[in-house]
Every structure is written in structure tokens, then in C-alpha cells.
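Presented below is the structure to which this report refers.
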């Protein structure tokens, strides 16, 4: 238990990530695994809302991901859609659009193909409407 607490204290983890870690421990029954997860939640080592906030902030600031790619990443962590939507609403629009502009400017230096820019930014998870708005400005 102490090992899992340290694991969760190092960085925010999703409940799904802990379930995957516990899955490898064959000595524990399913009920024991659920009890461990519940205890980690009670002791605030696991908090999905906090995980969503951290995940979104890190993906926007470090990876410059768009909202679609972030949403897919959170879905892979089995985060409830309500928490995903709440987290995306709190997204810092100024930083988000600045990242989009930076990525676009970098791509424009390498290529003059507008379709290539759009395709690249769609792969980064930005919405088509956001991309065209920044290109047209």
C-alpha cells in the first residue's frame, strides 16, 4: 500500500492507471484491489478531477495539443465525459490559441501548402474552425 501511495504522490494518476498496476498483482482478489483504490481515493492520493486538470495543463503547455487530442487521451484513461468537459471548459484560451499560432507559424516556414498546415494541426487535435480562424487572421 505504501508503494502505491508513493507512486500516486509522485504525479497525478488516473484510477485506470492504478487498476492496470494492480492487475499485475495476482495475489490480490478483485475485492481487495477495489478496496485499495477506494482507500487511495479517500486519502486523496487519487483524484480524477485533479488528474484531468494536470493532464490538460501539461498537454497544452508542453505538447501543444488541441482539445480533440486531449479529449481522446482522457478517454483512454477512462475518465467520465462530465469531468473531461468540465476540464476543457477551464482551458486557458489565450495560451491555447497562442500555441496554435506558434505551431502554424512553424509549419508555414517549412511549407506553403495550406492543406498540409491544416492536416498537421488537425493531427495535433485542433478543431477545423479554430485552425481556419487563426489562418485567416
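Residue numbers (the UniProt record's numbering): 1 to 137. No residue lacks a Cβ here, since even glycine has one placed at the ideal position from N, Cα and C.
Nearest-angstrom Cα separation, counted from residue j out to residue i
{"i": "residue 41", "j": "residue 108", "result": "46 Å"}
{"i": "residue 142", "j": "residue 101", "result": "Residue 142 cannot be examined here, being either before or after the span of the chain that is shown, 1 to 137."}
{"i": "residue 97", "j": "residue 26", "result": "47 Å"}
{"i": "residue 132", "j": "residue 10", "result": "40 Å"}
{"i": "residue 136", "j": "residue 129", "result": "11 Å"}
{"i": "residue 2", "j": "residue 81", "result": "31 Å"}
{"i": "residue 95", "j": "residue 126", "result": "13 Å"}
{"i": "residue 38", "j": "residue 31", "result": "10 Å"}
{"i": "residue 4", "j": "residue 61", "result": "28 Å"}
{"i": "residue 33", "j": "residue 43", "result": "15 Å"}
{"i": "residue 79", "j": "residue 48", "result": "7 Å"}
{"i": "residue 6", "j": "residue 110", "result": "45 Å"}
{"i": "residue 122", "j": "residue 29", "result": "43 Å"}
Residue i and residue j closer than 7 Å at C-beta
{"i": "residue 45", "j": "residue 14", "result": "no"}
{"i": "residue 56", "j": "residue 70", "result": "yes"}
{"i": "residue 104", "j": "residue 134", "result": "yes"}
{"i": "residue 59", "j": "residue 99", "result": "no"}
{"i": "residue 66", "j": "residue 21", "result": "no"}
{"i": "residue 54", "j": "residue 24", "result": "no"}
CB contact check: residue i to chain C, cutoff 7 Å
{"i": "residue 26", "result": "The structure shown contains no chain C; it is built from a single protein chain."}
Checklist entry - Which full runs of the beta strand (DSSP E) of 3+ residues lie inside the UniProt domain "RecX second three-helical" (47-88), going along the chain? => result Restricting attention to beta strand (DSSP E) runs no shorter than 3 residues, the UniProt domain "RecX second three-helical" (47-88) encloses none.
Checklist entry - Quick check: the segment 112-120 against the segment 74-93, are there 3 or more CB pairs under 8 Å? => result The segment 112-120 is not in contact with the segment 74-93.
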